[in-house]
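Asks: Sequences listed follow chains A and B, in order. Residues in the first sequence are numbered consecutively from 1, following the numbering used here. Residues in the second sequence are numbered consecutively from 1001, following the numbering used here. After the structure tokens below, expect a handful of questions from me.
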Amino acid sequence: MTAAVRAKGAGKTNVDRFLTVLRVVMIGFIAISLVAFIAQQIAPENPFAEWRHGDEGATRLSWAQYRGLLVTGISQGAMYGLIALGYSMVYGVLGFINFAHGEVFMVSAFTGFIVSTKFDAAGWWEGAAFFPAIIITVALCVIVSTSTAVIMERVAYRRLRGSPRLIPLITSIGVSFFIQEAVRLVFGPGAKGYPSNPDWLEERLPWLGIEVKKLVVIIIAAIAMAGLWYFVERTKTGKAMRAVAEDKEIASLMGIDVDKTIVKTFAVGGAMAGVAGILWGILFRSVINTTGFLPGIKAFTAAVVGGVGNLGGAMAGGVSLGGAEALGPLMILEPWGIPGVSQLRDAVAFTVLILVLLVKPTGLFGERLSSEERA
Amino acid sequence: MTRQEGSTPLLEFRDINTHYGAVHILKDVNLAIYPGELVCLLGGNASGKSTTLKTLLGMVKPTSGEVVLDGEVVNDKPTSYRVERGVTMVPENRRLFKRLSVKENLELGAYLRDDKEGIEADLERIFSMFPRVKERLTQKAGTLSGGEQQMVAMGRALMARPRVLLMDEPSMGLAPALVQTNFELIEQIHQEGIAIFMVEQNANMALSIADRGWVLQTGKVVLDNTAEALLADPDLRRSYLGQAD
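Set out below in structure tokens:
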């Protein structure tokens, strides 16, 4: 035991030392910030706050502000989680990160824009007609994004099966650019606005004060995730997927059609991104050909944070990332008196990624990444 | 149960040749496995044993010759086609789905079957054969001991209702005490009328329960005889078993 520890210590390079320093500095900074934040909430007049905030003084957050941030974070995180599932599932069966997955999400948001505008023109995007209209819209979005994912697999990735993992990875970046540019060519470079949501979606719940549309996003995302969990854990196809993810040769020995199972994996991941796309459209009511990029990268972050290949981890990673993004700037940066912290949310999100990779490289819930049979 | 006179082979190799790239692995191999018999294929490292199994299952395509299943040439049929018609394998080192539960592993063995009652009945049959497996049902397969994993691997193969069970090095990686138990299990499965084609390094043990055997050397069948004759063959003893007695 001691010998092993010594051997490990002896093998340390300068890079290791640098990483250790980085870990300590980052965690130390966050710890100090959190203490300062808590102190500021209890006693805004404390010396640290006066030092950092000067004459204007530090502010205390109200309950409503916390609640608002948390709900915003969770609703955003739920969408990251939905997209992250696609990254994670494809990684599980094929061992590569499909960087074009963010475009599957964007294609769904675009479909939502087209369909909702048509419904709005027909006067269906309000009143009682909204319900059938939104169900049809969601269905179409899911169909389009699922098809996109399946076609992507068929056209771009299937031929690359068995080639080194870097090759499909680079291909996926190419596919991502292709879809982005194709959408720009067809629909133009400008942002497209969704029609206004029905009034009740924009209101807040009595007592709780939560925005209805955010609550709807969280509920629909939860239903989609529960459905996916049931599918993967309880159905025969799901079992086949997990078997293929673990050992393709033995899976085919069981009589499982590995190619079909891979297609189904892309389809299911695409459907989840489809749900996320239409939710995104309803929440932010705007879509552009690059809409898929940032949520895609963040969802990838969420998948890594949760441990790639682990579905529960992807969902938890998404929600944690959304939460960290919403609360992080205020809890970590604001105590230092940095102005306009909420604009630094992306920086916080990717800092979370770096921090997780520094501290636990397999992700928070991920031992699964290290399985030796990946090839 | 030994071979019935006049019956046709269940599974057959007719002048099979295989290549990995330019490397010639199997050279004009002829094999025939009859319903209900227990046969073994012996051979050292790199003699082509694993390739033989993969070719029987369709995971490797022969470059010439015919793989015949029930009198039908199946060279172009996928693995699933052969599994459906009663050819199953217990792979080397068991290769369970470690992250799946024992129950899920067994259910995957019956992946191509739709008869719910039949599957349930077979599960019960496996539990009575391997009571330990029933106790571990909800555990992840990766947490089992080597002996337990061997039982699950056999159970998983039996769930496909095979007529011929291919076994790749069944005693590989097992504790010596378990090797004997393992061969007893193989005999027990054989008693149920399932033909067994066993690939083994442990020639003495394999031949002691087998009806017939082949010896493969660098891709060629060099000996083909009954188990008793092979055990008595001085060539085999010297060249393959490597024993001085």
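Ideal Cβ positions, reconstructed from N, Cα and C, are used throughout, including at glycine. Please read all numbers here as calculations on a predicted model, not as lab measurements.
Pull up the distance between the alpha-carbon of A:Thr291 and that of B:Gly1219, whole angstroms please.
Replies: Position 291 of the first sequence holds residue 291 of chain A. Position 219 of the second sequence holds residue 1219 of chain B. So the two alpha carbons sit approximately 58 Å from each other.
Asks: Determine which residues share a DSSP beta bridge with B:Lys1220 and list them.
Replies: If you number the second sequence from 1, residue 1220 of chain B lands on position 220. Answer by DSSP bridge pairing, in chain order: B:Gln1217.
Asks: Among the candidates A:Phe105, A:Leu355 and A:Gly363, whose CA atom is the shortest distance from the CA of A:Thr20?
Replies: Taking the first sequence and counting its residues from 1, the one referred to as residue 20 of chain A is at position 20. Cα-wise, what sits closest to A:Thr20 is A:Leu355.
Asks: Could you spell out where the beta strand (DSSP E) holding B:Arg1014 opens and where it closes?
Replies: Within the second sequence, the letter at position 14 stands for residue 1014 of chain B. Segment Leu1011 to Asn1017, the beta strand (DSSP E) holding B:Arg1014.
Asks: May I ask you to verify whether the stretch 268-286 of chain A touches the stretch 69-80 of chain A, counting CB pairs closer than 8 Å and requiring at least 3?
Replies: Yes, the stretch 268-286 of chain A is in contact with the stretch 69-80 of chain A.
Asks: DSSP three-state call for B:Glu1066: helix, strand or coil?
Replies: The sequence position of residue 1066 of chain B within the second sequence is 66, counting from 1. Correct three-state label for B:Glu1066: strand.
Asks: Tell whether a beta-carbon distance below 8 Å holds between B:Ala1195 and B:Tyr1020.
Replies: Looking up residue 1195 of chain B in the second sequence gives position 195. Looking up residue 1020 of chain B in the second sequence gives position 20. Not a contact, by the Cβ cut-off of 8 Å.
Asks: Can you have a look at B:Gln1188 and say buried or exposed, based on whether 16 or more other CB atoms are within 10 angstroms of its CB?
Replies: As a working mapping, residue 1188 of chain B is identified with position 188 in the second sequence. B:Gln1188 comes out exposed.
Asks: Taking a Cβ distance cut-off of 9 Å, strictly less, list which residues of the stretch 241-260 of chain A are near chain B, in chain order.
Replies: If the cut-off is 9 Å between Cβ atoms, the stretch 241-260 of chain A has Arg242, Ala243, Ala245, Glu246, Asp247, Glu249, Ile250, Ala251, Ser252, Leu253, Met254, Gly255, Ile256 and Asp257 near chain B.
Asks: I'd like to know if B:Glu1104 contacts chain A, where contact means its C-beta is closer than 8 Å to some C-beta of that chain.
Replies: Position 104 of the second sequence, counted from the start, is the residue given in the question as residue 1104 of chain B. Output row for B:Glu1104: interface = yes.
Asks: Show which residues of chain A have a CB atom less than 9 Å away from the CB atom of B:Met1059.
Replies: Numbered from 1 along the second sequence, position 59 holds the residue referred to as residue 1059 of chain B. In chain order: Glu249, Ser252 and Leu253.
Asks: Taking 8 Å as the CB-CB limit, is B:Asp1235 close to chain A?
Replies: Residue numbering aside, residue 1235 of chain B sits at position 235 when the second sequence is read from its first letter. By this cut-off, B:Asp1235 is not an interface position.
Asks: How many Å lie between B:Ile1186 and B:Gln1180 at the Cα?
Replies: Residue numbering aside, residue 1186 of chain B sits at position 186 when the second sequence is read from its first letter. Residue numbering aside, residue 1180 of chain B sits at position 180 when the second sequence is read from its first letter. Roughly 10 Å separates the two Cα atoms.
Asks: Can you give me the C-alpha to C-alpha distance between A:Ser163 and B:Phe1097, rounded to a whole angstrom?
Replies: Locating residue 163 of chain A in the first sequence gives position 163, counting from the first residue. Locating residue 1097 of chain B in the second sequence gives position 97, counting from the first residue. Their Cα atoms are separated by approximately 24 Å.
Asks: Quick one: what does DSSP say B:Arg1163 is sitting in, helix, strand or coil?
Replies: What you label residue 1163 of chain B is simply residue 163 of the second sequence in a count that begins at 1. DSSP places B:Arg1163 in coil when its eight states are reduced to three.
Asks: Applying a beta-carbon distance threshold of less than 9 Å, which residues of chain A neighbour B:Val1133?
Replies: Counted from its first residue, the second sequence places residue 1133 of chain B at position 133. What B:Val1133 touches in chain A: nothing, since even the nearest Cβ is about 17 Å away.
Asks: Would B:Thr1079 count as contacting chain A if we go by Cβ distances under 8 Å?
Replies: Along the second sequence, read from residue 1 onward, the residue named residue 1079 of chain B stands at position 79. Yes, B:Thr1079 counts as interfacial toward chain A.
Asks: In or out: A:Asp247 buried (at least 16 other Cβ within 10 Å) or exposed?
Replies: Sequence index remark: in the first sequence, residue 247 of chain A carries index 247 (1-based). So A:Asp247 ends up on the buried side.
Asks: Under 8 Å between beta-carbons, which chain A residues line up against B:Arg1163? List them in chain order, please.
Replies: Reading the second sequence from its first residue, position 163 is the one you call residue 1163 of chain B. Ordered by position in chain A, no residue passes the 8 Å Cβ test against B:Arg1163, which lies about 15 Å from the chain.
Asks: Quick one: what's B:Cys971 bridged to in DSSP?
Replies: The structure shown does not extend to residue 971 of chain B, since chain B is modelled only from 1001 to 1245, so the question has no answer here.
Asks: Under a Cβ-count criterion, where at least 16 other Cβ atoms within 10 Å of its own Cβ denotes burial, should A:Lys236 be classed as buried or exposed?
Replies: In the first sequence, the residue the question calls residue 236 of chain A occupies position 236. Counting Cβ neighbours within 10 Å, A:Lys236 comes out exposed, since fewer than 16 surround it.
Asks: Kindly list the residues whose CB is nearer than 6 Å to the CB of B:Val1068, restricted to its own chain and excluding five residues on each side of it in sequence; keep chain order.
Replies: In the second sequence, counting from the first residue as 1, residue 1068 of chain B sits at position 68. Excluding sequence neighbours, B:Val1068 sits near Glu1012.
Asks: Could you tell me which chain A residues have their CB closer than 8 Å to the CB of B:Glu1187, listed as they occur along the chain?
Replies: Locating residue 1187 of chain B in the second sequence gives position 187, where the first residue counts as 1. Simply none; closest approach about 23 Å.
Asks: Mind the definition here: the stretch 1119-1129 of chain B touches the stretch 1069-1087 of chain B only if three or more C-beta pairs lie below 8 Å; say whether that holds.
Replies: Verdict: no, contact absent.
Asks: Specify the secondary structure class of A:Val117 as computed by DSSP and reduced to three states.
Replies: Looking up residue 117 of chain A in the first sequence gives position 117. The question names Val, but residue 117 of chain A in the sequence shown is Thr. Correct three-state label for A:Thr117: helix.
Asks: What residue range does the beta strand (DSSP E) around A:Ile256 cover?
Replies: Here the question's residue 256 of chain A lines up with position 256 in the first sequence. Premise fails: A:Ile256 is in no beta strand (DSSP E) and is neither H nor E.
Asks: Any chance the CB of B:Val1222 is under 7 Å from a heavy atom of the ligand MN?
Replies: Here there are no bound small molecules, and the ligand MN is not part of this structure.
Asks: Which value, in whole angstroms, describes the spacing of the CA atoms of A:Gly255 and B:Pro1162?
Replies: One-based indexing of the first sequence puts residue 255 of chain A at position 255. One-based indexing of the second sequence puts residue 1162 of chain B at position 162. Computed Cα separation, rounded: 13 Å.
Asks: Run through DSSP, which three-state label would B:Asn1225 get?
Replies: Locating residue 1225 of chain B in the second sequence gives position 225, counting from the first residue. B:Asn1225 falls in the strand class under three-state DSSP.
Asks: B:Leu1108 touches chain A at which residues, Cβ-Cβ below 7 Å?
Replies: If you number the second sequence from 1, residue 1108 of chain B lands on position 108. Within 7 Å Cβ-Cβ: Lys239, Ala243 and Met254.
Asks: Enumerated in chain order, which unbroken segments of the beta strand (DSSP E) with a length of 3 residues or greater are wholly contained in the stretch 60-148 of chain A?
Replies: Fully enclosed beta strand (DSSP E) runs of 3 or longer: not present.
Asks: Any C-beta of chain A within less than 8 Å: which residues of the stretch 1111-1131 of chain B qualify?
Replies: Listed by position along the chain: Tyr1111 and Leu1112.
Asks: Would you mind stating whether A:Ala133 and A:Phe113 have Cβ atoms separated by less than 8 Å?
Replies: Translated into the one-based positions of the first sequence, residue 133 of chain A becomes position 133. Translated into the one-based positions of the first sequence, residue 113 of chain A becomes position 113. No.
Asks: Could you name the residues of the stretch 1086-1103 of chain B whose beta carbon sits closer than 9 Å to any beta carbon of chain A, in the order they occur along the chain?
Replies: Answer in chain order: Thr1088, Met1089, Pro1091, Arg1095, Leu1096, Phe1097, Lys1098, Arg1099 and Leu1100.
Asks: Work out the CA separation of A:Glu249 and A:Arg374 for me, nearest whole Å.
Replies: Position 374 of the first sequence holds residue 374 of chain A. Position 249 of the first sequence holds residue 249 of chain A. Low local confidence applies: a pLDDT of 40 at A:Arg374 is under 50, so the model's placement there is unreliable, with the coordinate-based value given in what follows. Rounded to the nearest angstrom, the two C-alpha atoms are 12 Å apart.
Asks: Looking at the C-beta of B:Met1001, does it have a partner C-beta in chain A at a distance below 8 Å?
Replies: Taking the first residue of the second sequence as 1, we reach residue 1001 of chain B at position 1. Any reading at B:Met1001 must be qualified, since the residue scores a pLDDT of 47, below 50, and its modelled position is unreliable; no value is offered.
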